[in-house]
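One structure is given below, encoded as structure tokens.
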């Protein structure tokens, strides 16, 4: 009888070039038996071939879809292919500390928590030195808009951008109010109760929606400080990654995501928080500036000029990507699935 209790679901976050480094780190630092489902949404040829070879060599399930996928689409595909009591969602641009998964499972079993988040650091060269997320809270707020009181909810992340060495020794296992999807362990029973993850949260704040859903379901979310995962993030993109990046961080999809969040949780859609989180142009313009003007990336004034020049092109590309991609997002993920 198979005693494996956890399936690792790898999701492509925004790039492909970290695939090999991340996968090697995962295998080198995972010290218990696991199943794996790797969701590949239309990766470039070299990545596709690498994943096919690794799937055969390491024995994990590779599901290839010939379209780009937004995060919760990919996660729901992985969820439907999971038969174990737990699923660990991880992004394909993460690095892992030894024992990360063992500690998450220990926390879930010892506390009964339905969801467990590790400490998430960020960066590269060096990695694991800057805090990205150590849990947090979903905070209700009120805001005056043209003399009218509006209600909203925002995410507040603990210790973001602090030096990891300054805070990690203080951390103890505890309940928390916020998780992110760079890495999170979830009881599959909870996902069944929720009906999967909400694909109306297309490309932003899906972690905030999930954190609210955990609370609404009377489930428990714990932070396990002995599990540490590093989100590399903000790596310069290669040419064949730019189309996926523009799809991933489309502003119109972000607006739809935020409106869905407001409808679902009875929030007002015209708060500054919603407006700010609906504009993802800063992400795209930053990457375009790095791509086309890499030689001046360390010069803030020069980069500001480059972004200003790039801005109208970014807006046009963003609109064209939306027109091309919206039909795909209207389809249920069951219709998108294929195999590697």
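Residue numbers (this note's numbering): 1 to 340.
C-beta atoms are modelled at their ideal positions from N, C-alpha and C, and glycine is treated no differently.
Quantities reported herein were computed from a predicted structural model and do not represent experimental measurements.
What residues in its chain sit with their C-beta under 6 Å from that of residue 198, if we drop five residues either side in the sequence?
209
DSSP bridge partner residues for residue 140 (one or two, in chain order): 153
Chain-order list of residues whose beta-carbon lies under 6 Å from that of residue 43 (same chain, five-residue window excluded): 16
Review point. Under 7 Å between C-beta atoms, does residue 225 make it to chain B?
Key: Absence of chain B from the displayed structure is noted, only one protein chain being present.
Below 8 Å, can you find three or more Cβ-Cβ pairs linking the segment 242 to 251 to the segment 123 to 141?
no
Quick check on the burial criterion: 16 or more other C-beta atoms within 10 angstroms. Buried or exposed for residue 342?
A query on residue 342 cannot be resolved here, the shown segment of the chain reaching from 1 to 340 and no further.
What is the rounded straight-line gap between the Cα of residue 162 and the Cα of residue 127? 13 Å
According to the neighbour-count rule (16 or more other Cβ atoms, all chains shown, within 10 Å of its Cβ), is residue 282 buried or exposed? exposed
Check your understanding: Taking DSSP as the reference, what is the three-state secondary structure of residue 165?
Key -> helix
Meets three-Cβ-pair contact criterion under 8 Å: the segment 312 to 324 and the segment 248 to 261: Under the three-pair Cβ rule at 8 Å, the segment 312 to 324 counts as touching the segment 248 to 261.
Secondary structure of residue 9, DSSP reduced to three states:
strand
query: Any idea what DSSP makes of residue 132, helix, strand or coil?
result: strand
- Leaving out the 5 sequence neighbours to the left and right, which residues in its chain are closer than 7 Å to residue 1 when beta-carbon positions are compared? Summary for residue 1: the model assigns pLDDT 47, below 50, so the residue's position carries little reliability; its value from the coordinates is reported in the next sentence. Close CB contacts of residue 1 within its chain, under the 7 Å cut and outside five residues either way in sequence, are absent.
From the DSSP output, in three-state form, read off residue 66 for me. coil
Residue 223 - DSSP class collapsed to helix/strand/coil = strand
Quiz item: Got a sec, what are the start and stop residues for the beta strand (DSSP E) residue 27 sits in?
Solution: From DSSP, residue 27 is part of no beta strand (DSSP E) but of the alpha helix (DSSP H) over 19 to 28.
request  = Could you tell me which residues DSSP pairs with residue 36 in its beta bridges?
outcome  = 8
> Can you name the residues that DSSP bridges to residue 88?
Replying inline: DSSP, once it has assigned bridges, lists 8, 185 as partnering residue 88.
Cβ-Cβ distance between residue 203 and residue 257 below 7 Å: yes
Along the chain, where does the alpha helix (DSSP H) containing residue 346 start, and where does it finish?
Nothing can be reported for residue 346, as the shown portion of the chain is limited to 1 through 340.
Run of the beta strand (DSSP E) containing residue 274, from where it starts to where it stops: Not the beta strand (DSSP E): residue 274 falls in the alpha helix (DSSP H), residues 272 to 277.
Exercise. Exposed or buried, what is residue 225 when buried is set at 16 or more other beta-carbons lying within 10 Å of its beta-carbon?
Worked result: buried
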